[in-house]
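Novice: Below: one structure in structure tokens.
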Amino acid sequence: MLRRFPLTRAKSLSDTWTWRDYWGAFKVRWGIGRSSYRMDPGLYALGTPSDEDLIFVTANYKLSVDHLRKALLGRNAWILVLDTKGINVWCAAGKGTFGTEELIHRIETTGLLGKKGKRLLILPQLGAPGVSAPEVEQATGFRVIYGPIRAKDIPQFLDSGFRATEQMRRVTFSLLERIVLIPVELTGLAVPSILLFCILSLVGVFSSWVGSFLGFTTRSVGHALIVSSQTFFPILPAAFLGVILFPILLPILPGRAFSFKGAVLAVSGIGVYLGVLSPLDGVPYATIILHQVPYFFLLGAIVSYLALNFTGSTPFTSLSGVLKEMQIALPLQTVGFLVGTIWLWIDLFTNGGTP
Amino acid sequence: MSTRSMSAYKSFRYLQGVTTLRFYSDRCISCGRCIEVCPHAVFGRQNGRVVLLDRDACMECGACARNCPACAIEVRAGVGCAYAVLASTLFGKLRKGMGSSRSMSCCISEEPKSSPSCWVPAERVSRNSSCCAQEKKASQNSLSCVPVENSLLESPCCTPVPKSTKNTHCCGGGGCCGS
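Going down the list, the sequences are from chains A and B.
In this text, residue positions in the first sequence follow the numbering used here: the first is 385, and each later residue adds one.
In this text, residue positions in the second sequence follow the numbering used here: the first is 235, and each later residue adds one.
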């Protein structure tokens, strides 16, 4: 049996954003301090709520709470913040931290169990993957209503007597929603890029050392470092294509598999670059093939991989689909990356380090 | 839900014919909870009955199965994120972290490929059920679960509840089966 604690004194919340909230929201979009952008879980009071007012449940990612309280502007309401370790509602529901157990536990420990009047919980619809409404209803006696997906629809939802329109219940992935993801994807690319650079440099120096030791080449370690950085150089256009252009062009890229869409984008990107920006008039075909083909392999593999990773940022990819796609795409990407790197390496080494 | 309103959301489609979503209409009590929670209009209502409208739009979030009071929906729930799949394969961390908290659900198995064992809350399972081995707990509110070793796709974890018991014992107000 659950215990009936006395109602905790709810901390009060404001329904308006200060400059600090806007600045915080901007920073987390760039991935700065995102994992520590959180609030204490527990019960909060918006305005001066009474027993007749509703309880809204959300995650303790501060941006989630901020959007909720902004949407409830001018209303009295209870806000029950679950401990999701600072993760937003949907991701936390997927992990299970925004879940049945945690919700029941919070209702119990905040003393809400003894609440008189309206015994209604309004949960965000995207919390449903983690919460079993029948179990919560059975355990607590509260009725669970899933509100709209986006907090901005809450006023209309409440004013129409908990009636969600078709549009409120569907996730969208508009151009704007895709663009706001770009900064954090870029930030996330920084560490792997530096790692890749270090690995390529080490391999370059090592192979140069081994080469000169065996008498194949007389080139210096400094030269090997230059070659390594030139091998690394394609990561910049790859990042531009895979992290900036890919989310923008997602709906118009052909195919369903993200890795395929990414490969198509890479190939057309290089095609546009060679055809328009850097015409190769008069250069023999053999030379073009020798020097440009490795970029198709390298960029194709990297952009395809970045695109595959973008599945985690979209609201419509399924685990089964991702697993199926990965089985085919990952081996191809690995082969493409290795072929491209080695080809480029040999090409650069034999051309004196200038591509 | 009309076909006209659905077509507006068709712009984003992922791989087709891969979802593990299963809908057992004979168990369905048409409460409409799945329509409420699904972000992709996979379910809809036709002539008062809940029907599976658009199976291939399913992203396997598991919301419908977890919130179904009649165990009429099964899906291998998970996050369609290549990075998470890679990380869990390489480090096994995510899978472990996900497993513990996912275990409360009815008919959701969290292991991506290996042993799709299913955890079912004891109270929710029909007494006659042969597939969901369970021990009825003393307290009605106890949410303790019992593991059921079973293949998700070959045989359903929750055996169908006989029609006559659906409205009386099971599922109507959340109190489920076995009582």
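Where is the CB? At the ideal position from N, CA and C, for every residue including glycine.
N281 (chain B) versus chain A: which residues are under 8 Å apart at the beta carbon?
Specialist: Result: empty, since nearest Cβ-Cβ is about 19 Å, beyond 8 Å.
Novice: Considering only C-alpha positions, which residue in the set B:L255, B:A318, B:Y248 and B:F325 is nearest to L287 (chain B)?
Specialist: B:L255
Novice: Can you give me the C-alpha to C-alpha distance between G431 (chain A) and A455 (chain A), rounded to a whole angstrom?
Specialist: Whole-angstrom Cα-Cα distance: 13 Å.
Novice: Compare the C-beta of C295 (chain B) with all C-beta atoms of chain A and state if any pair is closer than 8 Å.
Specialist: yes
Novice: Taking the alpha helix (DSSP H) that V465 (chain A) falls in, what are its first and last residues?
Specialist: Taken as a continuous stretch (DSSP letters only), V465 (chain A) belongs to no alpha helix (DSSP H), being part of the beta strand (DSSP E) at A461 to L466.
Novice: Just how far apart, CA to CA, sit E436 (chain A) and L629 (chain A)?
Specialist: Across the structure, E436 (chain A) and L629 (chain A) are spaced so that their CA atoms are roughly 49 Å apart.
Novice: List the residues of chain B whose Cβ lies closer than 7 Å to the Cβ of F557 (chain A), in chain order.
Specialist: F246
Novice: Checking contacts by CB at 8 Å: is V719 (chain A) closer than that to chain B?
Specialist: no
Novice: According to DSSP, is L507 (chain A) helix, strand or coil?
Specialist: strand
Novice: Do the segment 561 to 575 of chain A and the segment 710 to 722 of chain A touch if we need at least three Cβ pairs shorter than 8 Å?
Specialist: no
Novice: Below 8 Å between beta carbons: does that hold for N301 (chain B) and V276 (chain B)?
Specialist: no
Novice: Give the interface partners of E308 (chain B) over in chain A, defined as CB-CB distance under 7 Å, in chain order.
Specialist: Near E308 (chain B) there are no residues of chain A at all, since even the closest Cβ is about 13 Å away, more than 7 Å.
Novice: Would you kindly check if the distance between the Cβ of W474 (chain A) and the Cβ of L510 (chain A) is under 8 Å?
Specialist: yes
Novice: Let me check you understand the geometry: is the CB of L674 (chain A) closer than 7 Å to at least one non-hydrogen atom of the ligand FMN?
Specialist: As far as ligands go, the structure on display features none, and thus does not contain the ligand FMN.
Novice: Contact check, P508 (chain A) vs G478 (chain A) under 8 Å by CB: the rounded distance?
Specialist: Not confirmed; about 13 Å, so no contact.
Novice: DSSP beta-bridge partners for A429 (chain A)?
Specialist: A:S396 and A:W462
Novice: Which residue's Cα is closest to the Cα of S592 (chain A): A:S612, A:F581 and A:L579?
Specialist: Of A:S612, A:F581 and A:L579, the residue nearest in Cα terms is A:S612.
Novice: For V285 (chain B), which residues does DSSP report across the bridge?
Specialist: For V285 (chain B), which the question treats as bridged, DSSP gives the partners B:G278.
Novice: How about M710 (chain A): is its C-beta nearer than 8 Å to some C-beta of chain B?
Specialist: yes
Novice: State whether the segment 686 to 697 of chain A contacts the segment 644 to 659 of chain A, with contact taken as three or more CB pairs (one from each stretch) at a distance under 8 Å.
Specialist: yes
Novice: Enumerate, from N- to C-terminal direction, the unbroken alpha helix (DSSP H) stretches of 4 or more residues contained entirely within the segment 288 to 313 of chain B.
Specialist: 297 to 301
Novice: Taking K502 (chain A) as the reference, which of A:L487, A:T481, A:W401 and A:R527 has the closest Cα?
Specialist: A:R527
Novice: Would you report the Cα separation of S335 (chain B) and G458 (chain A), rounded to the nearest angstrom?
Specialist: Confidence at S335 (chain B) is low in this model, with a pLDDT of 35, below 50, so the placement of that residue should be treated as unreliable; the coordinate-derived value is given next. Taking the straight line from one Cα to the other gives about 36 Å.
Novice: How is the beta strand (DSSP E) around V528 (chain A) delimited, first residue to last?
Specialist: R527 to G531
Novice: Is there a Cβ of chain B sitting closer than 8 Å to that of S702 (chain A), yes or no?
Specialist: It does; some Cβ of chain B falls within 8 Å.
Novice: Checking contacts by CB at 8 Å: is G312 (chain B) closer than that to chain A?
Specialist: With a threshold of 8 Å between beta carbons, G312 (chain B) makes contact with chain A.
Novice: Answer yes or no: does any C-beta atom of chain A fall closer than 8 Å to that of S335 (chain B)?
Specialist: Its pLDDT being 35, under 50, S335 (chain B) is placed unreliably in this model, and the value from its coordinates should be taken loosely. The C-beta of S335 (chain B) comes closer than 8 Å to at least one C-beta of chain A.
Novice: Quick one: which chain A residues come within Cβ less than 9 Å of L249 (chain B)?
Specialist: R640, A641, T701, S702, S704, G705, V706, K708 and E709
Novice: Give the secondary structure of S364 (chain B) by DSSP, where H, G and I count as helix, E and B as strand, and everything else as coil.
Specialist: Summary for S364 (chain B): the model assigns pLDDT 30, below 50, so the residue's position carries little reliability, and this model does not support an answer.
Novice: Per DSSP, what kind of secondary structure is I263 (chain B) in: helix, strand or coil?
Specialist: coil
Novice: How would you label V660 (chain A), buried or exposed, when you count the other beta carbons within 10 angstroms and need 16 or more for buried?
Specialist: Exposed: under 16 other Cβ atoms inside 10 Å.
Novice: Using a Cβ-Cβ cut-off of 8 Å (strictly less than) and excluding sequence neighbours within five positions of S558 (chain A), which residues of its own chain qualify?
Specialist: Cβ neighbours of S558 (chain A) beyond the five flanking positions: none.
Novice: For M338 (chain B), which of helix, strand or coil comes out of DSSP?
Specialist: Caution applies to M338 (chain B), whose pLDDT of 32 falls short of 50 and renders its modelled position unreliable; the value that the coordinates give is listed next. Residue state, collapsed to three classes: coil.
Novice: Would R453 (chain A) and I463 (chain A) be called neighbours here (beta carbons separated by less than 8 Å)?
Specialist: yes
Novice: Note down, in chain order, every chain A residue with its Cβ under 7 Å from the Cβ of Y422 (chain B).
Specialist: Outside the displayed range of chain B (235 to 413) lies residue 422 (chain B), so it cannot be described from this structure.
Novice: Using the beta-carbon of each residue, which ones in chain A are nearer than 8 Å to V285 (chain B)?
Specialist: Near V285 (chain B) there are no residues of chain A at all, since even the closest Cβ is about 16 Å away, more than 8 Å.
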